[in-house]
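Okay, structure first, notes after.
In full-length UniProt numbering, the protein residues as written are 1 to 205.
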């Protein structure tokens, strides 16, 4: 049952939201966003809005060709001609979303990304999730390669953040750890996120 990578559309949002919450249902992710109907609706509305209104957002899905089930997705941010000046945050938060933690976490990740990437245009892999029942099928690698192996992106940098559990995937695609962000989460202790740029190698350099 091969997998195929395709652009995601608003019609895929319910499946994307389900994959996200199945993939991130414990620990820090659950502290950040509880899996409730209100949070799912809010999360899905945000993704659908990005698909239709944000020209920099690029959503991909990996589907099982035997039946067409969506088994994984990626949310990329296209390279920007001008760097962002502040983190992109939702205007409102539902009950079940930890607004303070969300703002602190996303805000600090943005600061660290700007420190590492500066004004360098880069692809940003903002979200990557695989349904637990379909892990170890190569879906995540396909979703990364669909962008980074495109000859049009050969001279464009990229960036991703990773948990320690998922870090082994990214060096295969040229990402290298360049430090980490550690947040102290009340009731849970420290949570580490690895910061991983993929710099472009200058020819002849």
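For every residue, glycine included, the Cβ atom is placed at its ideal position computed from N, Cα and C.
Bear in mind that the values here come from a model prediction, so they are computed numbers and not experimental data.
Only residues of its own chain outside the window of five on either side were considered, and among them 79, 157, 158, 159 have a CB closer than 6 Å to the CB of residue 122, listed in chain order. Secondary structure in the stretch 122 to 191: the alpha helix (DSSP H) runs of 4 residues or longer, each lying completely within the stretch, are 139 to 148 in chain order. Within its own chain, no residue has a Cβ closer than 7 Å to the Cβ of residue 152 once the five positions on either side in sequence are excluded.
Taking a C-beta distance under 8 Å as the contact criterion, residue 141 and residue 169 qualify as a contact pair.
Between residue 87 and residue 75, the CB-CB gap reaches or exceeds 8 Å. Taking all protein chains in view, the Cβ of residue 70 is crowded by 16 or more other Cβ atoms within 10 Å, so the residue is classified as buried.
Contact between residue 176 and residue 190 fails: their C-beta atoms lie close to 23 Å from each other, not under 8 Å. By the criterion of at least three beta-carbon pairs nearer than 8 Å, the stretch 130 to 140 is in contact with the stretch 22 to 30. Distance from the CA of residue 179 to the CA of residue 113, rounded to the nearest whole angstrom, comes to 11 Å. When secondary structure is reduced to three states using DSSP, residue 20 falls in the helix class.
If you ignore the 5 residues before and after residue 12, its C-beta comes within less than 7 Å of the C-beta of 61, 70, all in its own chain and listed in chain order.
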